[in-house]
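Colleague:
4 protein chains.
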Amino acid sequence: MKISFIGLGHMGAPMARNLVKAGHALVVFDIVKANVDALTAAGASAAKSPRECAAQGELVITMLPSSPHVKAVYLGGDGVLAGVAHGITVIDCSTIDPHTAREVAAQSLERGNPMADAPVSGGTGGAEAGTLTFMVGGTQQVFEHIAPILKAMGKNIVHCGACGTGQVAKICNNLLLGITMIGVAEAMNLGAALGIDTKVLAGIINTSSGRCWSSDTYNPYPGVMENVPAARGYTGGFGADLMLKDLGLAADAARQAKQSVVLGAAAQQLYQMFSAMGFGGKDFSAIINMYRTAQ
Amino acid sequence: MKISFIGLGHMGAPMARNLVKAGHALVVFDIVKANVDALTAAGASAAKSPRECAAQGELVITMLPSSPHVKAVYLGGDGVLAGVAHGITVIDCSTIDPHTAREVAAQSLERGNPMADAPVSGGTGGAEAGTLTFMVGGTQQVFEHIAPILKAMGKNIVHCGACGTGQVAKICNNLLLGITMIGVAEAMNLGAALGIDTKVLAGIINTSSGRCWSSDTYNPYPGVMENVPAARGYTGGFGADLMLKDLGLAADAARQAKQSVVLGAAAQQLYQMFSAMGFGGKDFSAIINMYRTAQ
Amino acid sequence: MKISFIGLGHMGAPMARNLVKAGHALVVFDIVKANVDALTAAGASAAKSPRECAAQGELVITMLPSSPHVKAVYLGGDGVLAGVAHGITVIDCSTIDPHTAREVAAQSLERGNPMADAPVSGGTGGAEAGTLTFMVGGTQQVFEHIAPILKAMGKNIVHCGACGTGQVAKICNNLLLGITMIGVAEAMNLGAALGIDTKVLAGIINTSSGRCWSSDTYNPYPGVMENVPAARGYTGGFGADLMLKDLGLAADAARQAKQSVVLGAAAQQLYQMFSAMGFGGKDFSAIINMYRTAQ
Amino acid sequence: MKISFIGLGHMGAPMARNLVKAGHALVVFDIVKANVDALTAAGASAAKSPRECAAQGELVITMLPSSPHVKAVYLGGDGVLAGVAHGITVIDCSTIDPHTAREVAAQSLERGNPMADAPVSGGTGGAEAGTLTFMVGGTQQVFEHIAPILKAMGKNIVHCGACGTGQVAKICNNLLLGITMIGVAEAMNLGAALGIDTKVLAGIINTSSGRCWSSDTYNPYPGVMENVPAARGYTGGFGADLMLKDLGLAADAARQAKQSVVLGAAAQQLYQMFSAMGFGGKDFSAIINMYRTAQ
Chain A
1 MKISFIGLGH
11 MGAPMARNLV
21 KAGHALVVFD
31 IVKANVDALT
41 AAGASAAKSP
51 RECAAQGELV
61 ITMLPSSPHV
71 KAVYLGGDGV
81 LAGVAHGITV
91 IDCSTIDPHT
101 AREVAAQSLE
111 RGNPMADAPV
121 SGGTGGAEAG
131 TLTFMVGGTQ
141 QVFEHIAPIL
151 KAMGKNIVHC
161 GACGTGQVAK
171 ICNNLLLGIT
181 MIGVAEAMNL
191 GAALGIDTKV
201 LAGIINTSSG
211 RCWSSDTYNP
221 YPGVMENVPA
231 ARGYTGGFGA
241 DLMLKDLGLA
251 ADAARQAKQS
261 VVLGAAAQQL
271 YQMFSAMGFG
281 GKDFSAIINM
291 YRTAQ
Chain B
296 MKISFIGLGH
306 MGAPMARNLV
316 KAGHALVVFD
326 IVKANVDALT
336 AAGASAAKSP
346 RECAAQGELV
356 ITMLPSSPHV
366 KAVYLGGDGV
376 LAGVAHGITV
386 IDCSTIDPHT
396 AREVAAQSLE
406 RGNPMADAPV
416 SGGTGGAEAG
426 TLTFMVGGTQ
436 QVFEHIAPIL
446 KAMGKNIVHC
456 GACGTGQVAK
466 ICNNLLLGIT
476 MIGVAEAMNL
486 GAALGIDTKV
496 LAGIINTSSG
506 RCWSSDTYNP
516 YPGVMENVPA
526 ARGYTGGFGA
536 DLMLKDLGLA
546 ADAARQAKQS
556 VVLGAAAQQL
566 YQMFSAMGFG
576 GKDFSAIINM
586 YRTAQ
Chain C
591 MKISFIGLGH
601 MGAPMARNLV
611 KAGHALVVFD
621 IVKANVDALT
631 AAGASAAKSP
641 RECAAQGELV
651 ITMLPSSPHV
661 KAVYLGGDGV
671 LAGVAHGITV
681 IDCSTIDPHT
691 AREVAAQSLE
701 RGNPMADAPV
711 SGGTGGAEAG
721 TLTFMVGGTQ
731 QVFEHIAPIL
741 KAMGKNIVHC
751 GACGTGQVAK
761 ICNNLLLGIT
771 MIGVAEAMNL
781 GAALGIDTKV
791 LAGIINTSSG
801 RCWSSDTYNP
811 YPGVMENVPA
821 ARGYTGGFGA
831 DLMLKDLGLA
841 ADAARQAKQS
851 VVLGAAAQQL
861 YQMFSAMGFG
871 GKDFSAIINM
881 YRTAQ
Chain D
886 MKISFIGLGH
896 MGAPMARNLV
906 KAGHALVVFD
916 IVKANVDALT
926 AAGASAAKSP
936 RECAAQGELV
946 ITMLPSSPHV
956 KAVYLGGDGV
966 LAGVAHGITV
976 IDCSTIDPHT
986 AREVAAQSLE
996 RGNPMADAPV
1006 SGGTGGAEAG
1016 TLTFMVGGTQ
1026 QVFEHIAPIL
1036 KAMGKNIVHC
1046 GACGTGQVAK
1056 ICNNLLLGIT
1066 MIGVAEAMNL
1076 GAALGIDTKV
1086 LAGIINTSSG
1096 RCWSSDTYNP
1106 YPGVMENVPA
1116 ARGYTGGFGA
1126 DLMLKDLGLA
1136 ADAARQAKQS
1146 VVLGAAAQQL
1156 YQMFSAMGFG
1166 GKDFSAIINM
1176 YRTAQ
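Chains as they are written, first to last, in the numbering used here: chain A, 1 to 295; chain B, 296 to 590; chain C, 591 to 885; chain D, 886 to 1180.
Have a look at this one:
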């Protein structure tokens, strides 16, 4: 299938390469020329604008940093909706606020282009390996149409409901993740300070009611697990600044929905404080270091 | 074995009954006569004070509401340590602060009585069914000595380390549990307000990085799971006031250890607010109702 | 002077009337016809759009509910900047985010119209009485030009610095106010629960280091002061939902500036929870009721 | 008058010296010999225990670090109540929890010794200068009896109500102070990040509804005020660890009273985090530095 792919950053580039590997013909666009060159070297052809890019595809996929970028790339004069042929399906894989996702989808549909929001989890590692999880918001028909293509880039393709619910699922999951990671950091540090062996403590928590992914799969306390960021100086993984961005989306969405998120907002502020201390580039589990006692 | 059992409340009574069922000879004490009568009817004999009770056993087990009770029952003039024979092992199953647990254990050991703290999880249901988890703090020798006996009351008998670490494990786990439950409440309510089907959302979270016991085993959102308190009006289960007590122990222990627990303290205050509104007797997952919008 | 006045709501209407009383000729616009009628009855003339309205004035003043309204009224095809004559000064008295304020001011200046942001404090009472405080962001020249006219509507006209700083001053003040009010609520309720006479406690705080406007001028505990919302069932005053809006602006601005506001975000969530319980229309000091114990 | 004075630390020593200067005959006790020597050099006589010390006075004053010290010094075998003559009034100036204060006072009264709790504010500077504020809990009769003597050490002698209310007033005030200081830190840092001159911002806040002692008398932002800790590297003043102690007392008292203190608990945790980073010895207004962006 001929696929238009717009946005070739840390996530978009490996995703696009996996589509090429799966045998699709890609036409790509990015504002950074080097990003485009890397993909054309891999077999893709280049377009000069989102509009031109979208005009050539039987399917359009975008992967962009934030809501303003999505609005500009879709709704701008040189944007996707100005170029895409009637009836072509468009998929936005960016993580943005549900409100914007729904607004863009409505405009897309109005022009005759079914749209899905399909934010991912799994990080750059998952993007390289083709093992991302896609959380898809869109009609059942659109989901069935795009799921086989997304399979070239991911392992789990989940249908969350109507347009926007992909974003909702992602921000709700990450809201909870941001909270549980700090919860584990507090519990592990407290236990250590009170004299329990941290591996023993993690073992107990992981088989008890405190059990969670942040403890049993991604424990932030150094020495408890191997092959996690805590075991390699908190490099790699999911950056604290990315968690901060997602908690910001969650807090915003909560405000618009008139829902309170007391712990979520506290977590957001703690990651903000940690980031301002200069550690936004570390894996988000490094927040445990903000709880360490000075020597 | 002849076992002295002191404290026959909601937890202690079924625990003692399970020891009787396992063939042990029990001598019991409680300040409430009716509690004692229920156990003697089940085959136990009664003692007139903790001291008299402890004096008769080859092993002493206590199950009491809080630190002051433990101090009084162990260290008082008519207390356990005043009566127990030299060399007899004593086990306190109460959930109390690690500091007091260590202090009492030190005094017990000084008198020649090895001691273990062995707080439980599993609630009254687990106590009745004999499926409690025991978190044991004490020497390896003491652990090996008492584990077979605890097996009559529980399923998992975990050795956490030296004296006091049983309490540490329990409060660290419950600190995390108190946080994750509110995190799930916030995430589920936010998702519902943003229009995603709550069963779908729970399903996604439960297979993603937000996964936790509070979501996949004890989800607080009504209609998501069966056989949880949320499915029966938040009755039964683990009361909000008990969670509040444990978070208080955690906050206190953190203060003494000079560790900060930002989300833990916020969770404590939210359960306190919820309790003050009159809902302390509800299951702790009912805290989700504090996040509901008025109609 | 002939003044164009756009936005005749609860705040704008009495402000406009005070300008009429001061002898100015007003041309007004509002999307609600009844609001316009009330002002024409008071001597103003009516215009059919922001554009037409702005076109007639020697000075333009706007008073609008939120950032999107300000953008639409200023930058829309039928908006202020499309109509206002070159060189005319424009003043926006709305409370909005500093980022939007600066963006609109830049576009205004580009078209040859000096602009000031001049959000107010003092509520509808101050608007009626002409005793508002204006926090003005703009050049020194603009400030000197408009201060005498603002005097017809307010008592204190403060120059905060360049464009946007009026908004900054307002949201920083209200961020602090939202926090101190909850602080006073917690301190007063705690004192009452611990058995001190609340008037005595307020007296001590008001002459000690806990002293603040929320305690000495607007105490939320019933019976401590007269002539405050707490003395009349929390009616009148500054609504909880308005405080919630301002804390939202502060949290947003903090996010953009990469500053953490831990207590500010917690305060925002507490007002949100209070509002969701159905009390957003009460004075913001009513938040003390969320801390009351059920009877 | 012959006064027994027990506890000659940073606060107690200058307080005792002021009593000597006022012409009283002092008999003193402290566990640190050097502290005692300094006072005897100033004219006091020394006693060998709290009991001996208390036995000689017509009035007993104590100034101790915490609740356990107060219990030991009053209730121990060699303590105040074991020595003091029937009918003599005793005053505890320590800052401790109201519960302990009331418990000790009840035992004192039972033995025939009227007691007052009289915690102070004003720091070591106020102790040296004799300008402390005393918050007195006790009967009207006791208050009238001791106020003239306290006047030798302080400027404001405030009657708060029955026994324990001195402590209640102090912890409620300091709870609020701990919150407002962080509130000011957040507001000032946010304003600075958003581009307003910080002196201008402080000026606006100080004449608006955000006004508070932490802003208008003790502003934490460097350069805004002279003669405050922020102007001298946050040395001197009221240490962050002392604020942390008082917030701990407030949180404990709140727990016992079943009152929630959401912002108070958050403030406590932030000071704890700041202290753990190694800054507990700095003035508490230095907490603003935890909000600074890394360079």
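The beta-carbon is built from N, C-alpha and C at its ideal position, and this holds for glycine as well.
For A695 of chain C, which residues of its own chain have a beta-carbon under 6 Å away from its beta-carbon, when the five flanking residues on both sides are left out?
Modeller: Cβ within range, chain order: M705 and C753.
Colleague: Beta-carbon of R102 of chain A versus every beta-carbon of chain C: anything under 9 Å?
Modeller: Cβ-Cβ to chain C under 9 Å: no for R102 of chain A.
Colleague: Spatial neighbours of L960 of chain D within its chain, please: CB distance less than 8 Å, with the 5 preceding and 5 following residues excluded, ordered by chain position.
Modeller: Closer than 8 Å at Cβ, skipping near neighbours: L966, V989 and Q992.
Colleague: Given a cut-off of 9 Å, decide if S509 of chain B and S580 of chain B are closer than it, judged by their beta-carbon atoms.
Modeller: Closer than 9 Å, so yes.
Colleague: Once DSSP output is grouped into helix, strand and coil, what is the label at H614 of chain C?
Modeller: In the structure shown, H614 of chain C sits in coil (DSSP, three-state: anything other than H, G, I, E or B).
Colleague: R314 of chain A versus chain C: which residues are under 7 Å apart at the beta carbon?
Modeller: Not covered by the structure: residue 314 of chain A. The range shown for chain A is 1 to 295.
Colleague: With burial defined as no fewer than 16 other Cβ atoms inside 10 Å of the residue's Cβ, what is the status of A41 of chain A: buried or exposed?
Modeller: When all chains shown are included, A41 of chain A counts as exposed.
Colleague: Between which two residues does the alpha helix (DSSP H) containing D1168 of chain D stretch?
Modeller: No alpha helix (DSSP H) holds D1168 of chain D; DSSP gives it neither H nor E.
Colleague: Return helix, strand or coil for C507 of chain B, following the three-state DSSP convention.
Modeller: Here C507 of chain B sits in strand by DSSP.
Colleague: Determine, for S121 of chain A, whether the minimum Cβ-Cβ distance to residues of chain B falls below 9 Å.
Modeller: Yes - at least one Cβ of chain B is within 9 Å of the one on S121 of chain A.
Colleague: Quick check: I288 of chain A and I474 of chain B, are their CB atoms within less than 9 Å of each other?
Modeller: Cβ distance not < 9 Å, so I288 of chain A and I474 of chain B don't count as in contact.
Colleague: So, with DSSP's three-state summary, where would you put N219 of chain A?
Modeller: In this structure, N219 of chain A counts as coil in the three-state DSSP scheme.
Colleague: If you follow the beta strand (DSSP E) that A127 of chain A is in, where does it begin and where does it stop?
Modeller: Run containing A127 of chain A: none in the beta strand (DSSP E); it sits in the alpha helix (DSSP H), G123 to A129.
Colleague: Count the CB pairs spanning the region 719-732 of chain C and the region 749-768 of chain C that are closer than 8 Å, and state whether there are at least three.
Modeller: In short, these stretches touch, since the Cβ pair count reaches three.
Colleague: Hey, L175 of chain A and G264 of chain A are a contact pair by Cβ (cut 8 Å); roughly how many whole angstroms apart?
Modeller: Indeed they touch by this definition, with Cβ atoms about 5 Å apart.
Colleague: Hey, would you say L780 of chain C sits closer than 9 Å to A1139 of chain D, going by beta carbons?
Modeller: Yes, Cβ-Cβ distance for L780 of chain C and A1139 of chain D is below 9 Å.
Colleague: Starting from the N-terminal side, write out each stretch of the beta strand (DSSP E) that is 3 residues or longer and does not extend beyond the region 302-383 of chain B.
Modeller: Fully enclosed beta strand (DSSP E) runs of 3 or longer: 320-324 and 354-357.
Colleague: Check the Cβ of A266 of chain A against every Cβ in chain C and list those closer than 9 Å, keeping chain order.
Modeller: Result: V852, A855, A856 and Q859.
Colleague: 9 Å is my cut-off, CB to CB: does E481 of chain B come that close to chain A?
Modeller: E481 of chain B counts as touching chain A.
Colleague: Judging by CA-CA distance, which residue of C:C802, C:Y811, C:D806 and C:R801 is the nearest neighbour of A782 of chain C?
Modeller: Here the closest residue by C-alpha is C:Y811.
Colleague: Which residues in chain D have a C-beta closer than 8 Å to the C-beta of M290 of chain A? List them in chain order.
Modeller: The contacting residues are M1158.
Colleague: For V1109 of chain D, collect the residues of the same chain with a Cβ closer than 8 Å to its Cβ; drop the 5 residues on either side in sequence, then sort them by chain order.
Modeller: So the list reads M1073, T1083, K1084, A1087 and A1115, once near-sequence residues are dropped.
Colleague: Give me the Cα-Cα distance between A603 of chain C and T721 of chain C, rounded to the nearest whole angstrom.
Modeller: Taking the straight line joining both Cα atoms gives about 15 Å.
Colleague: Which whole-angstrom value describes the C-beta separation of V556 of chain B and A546 of chain B, a residue pair presumed to lie in contact below a C-beta threshold of 8 Å?
Modeller: That belief holds up - the Cβ atoms of V556 of chain B and A546 of chain B are roughly 6 Å apart, short of 8 Å.
Colleague: 9 Å is my cut-off, CB to CB: does S389 of chain B come that close to chain A?
Modeller: So no, S389 of chain B is outside the interface.
Colleague: Given C53 of chain A, which residues of its chain have a CB within under 6 Å of its CB, disregarding the five upstream and five downstream residues?
Modeller: Once the five neighbours on either side are set aside, the close Cβ partners of C53 of chain A are S4, I6, V27, F29 and A47.
Colleague: Name the two residues that bound the continuous alpha helix (DSSP H) containing K835 of chain C.
Modeller: Where K835 of chain C is concerned, the enclosing alpha helix (DSSP H) stretches over A830 to A847.
Colleague: Within the continuous beta strand (DSSP E) that includes L427 of chain B, where are the two ends?
Modeller: Residues L427 to G432.
Colleague: Here's a check: name, in chain order, each residue in its chain whose Cβ is nearer than 7 Å to the Cβ of S49 of chain A, leaving out the five neighbours to either side.
Modeller: Only F29 and D78 meet the Cβ criterion.
Colleague: On the premise that L1155 of chain D lies in contact with M1128 of chain D, defined as a C-beta separation below 8 Å, what is that separation, rounded to the nearest angstrom?
Modeller: About 10 Å separates the two Cβ atoms, so there is no contact after all.
Colleague: Just to make sure I have the definition right: I need the residues of chain B whose C-beta is within less than 8 Å of the C-beta of N189 of chain A. Which are they?
Modeller: Ordered by position in chain B, the residues that pass the 8 Å Cβ test against N189 of chain A are Q554.
Colleague: Only counting the same chain, and skipping five residues up and downstream in sequence, which positions put a Cβ closer than 8 Å to that of R1177 of chain D?
Modeller: Cβ neighbours of R1177 of chain D beyond the five flanking positions: N1074.
Colleague: Using three-state DSSP, classify N1041 of chain D as helix, strand or coil.
Modeller: N1041 of chain D: strand per DSSP, three-state reduction.
Colleague: With a threshold of 9 Å between beta-carbons, can D283 of chain A be considered close to chain C, or not?
Modeller: No, because no Cβ of chain C sits closer than 9 Å to the Cβ of D283 of chain A.
Colleague: In whole angstroms, what separates the C-alpha of Q1180 of chain D from that of I1081 of chain D?
Modeller: For Q1180 of chain D, the pLDDT reaches just 45, beneath the cut-off of 50, and the residue's location in the model is therefore unreliable, although a value from the coordinates is still provided. Approximately 20 Å between the Cα atoms of the pair.
Colleague: Under the DSSP definition of a beta bridge, which residues are partnered with V385 of chain B?
Modeller: For V385 of chain B, which the question treats as bridged, DSSP gives the partners B:V355 and B:M410.
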